[in-house]
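Numbering (this note's numbering), first residue to last: 56 to 190. For reference, the structure discussed in these notes is given below.
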Amino acid sequence: MDYNELSKLADKARENSYCIYSDFSVGAALLTKGGKVYKGCNIENASYPAGICAERTAFVKAISEGEKEFAAIAIAGGPKGERSNDAYPCGICRQFMNEFVKGDEFDVIVVHNDMSYSVHKLSELLPYSFGPESL
Ligand code: THU
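This is how it looks when you write it as structure tokens:
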């Protein structure tokens, strides 16, 4: 699975976004080292903090199915009907993902409005992280 394909799946995952409060739909496509893809979208809630981001939805789906090794995640998002240029993962998602991957080995692919994308290591987005090895 190349990152172009993964980016398209992330964009597709936006279709199921439940974002009636923000109207900002986000999709994620998480690639395991074994080549499987888990998609996720943001799911909001009338009690706002109870909502969950697309990236964590994808990780929760994968982890709960027994997946343990992850290669990359693609993220696409923006106001409904548009694609933002910079749908970077929020701080909570960066921390959440850091629990399950090695930051310097895991690629975060941010999909831009023209479907081009930027690739970052998670360690670039979350330097000096606090993780399982810190305890
Ligand atoms: N959102 C994500 O799904 N991922 C992020 O990394 C940033 C924000 C969602 C949360 C909320 O449903 C909407 O985008 C607006 O913040």
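Even for Gly, the Cβ is constructed at its ideal location relative to N, Cα and C. The structure displayed is predicted, hence computed values, not measured ones.
Distance, residue j Cα to residue i Cα
i, j, result
"A131", "S189", "31 angstroms"
"A127", "S102", "31 angstroms"
"D169", "F185", "34 angstroms"
"L180", "G158", "9 angstroms"
"K67", "G95", "10 angstroms"
"V92", "P187", "25 angstroms"
Continuous alpha helix (DSSP H) stretch holding residue i: start and end
i, result
"A68", "Y58 to A68"
"C96", "That residue, C96, is in no alpha helix (DSSP H); its beta strand (DSSP E) goes V92 to C96."
"A127", "From DSSP, A127 is part of no alpha helix (DSSP H) but of the beta strand (DSSP E) over F125 to P134."
"I118", "A109 to S119"
Under the three-state DSSP convention, the category residue i falls into
i, result
"L85", "strand"
Nearest residue (CA-CA) to residue i, options the options
i, options, result
"K88", "E110, E124 and E60", "E124"
"L86", "L177, I98 and L61", "L61"
Range of the contiguous beta strand (DSSP E) that encloses residue i
i, result
"S173", "Y172 to K176"
**Item:** the region 145-154 touching the region 68-77, judged by at least three CB pairs closer than 8 angstroms
**Value:** no
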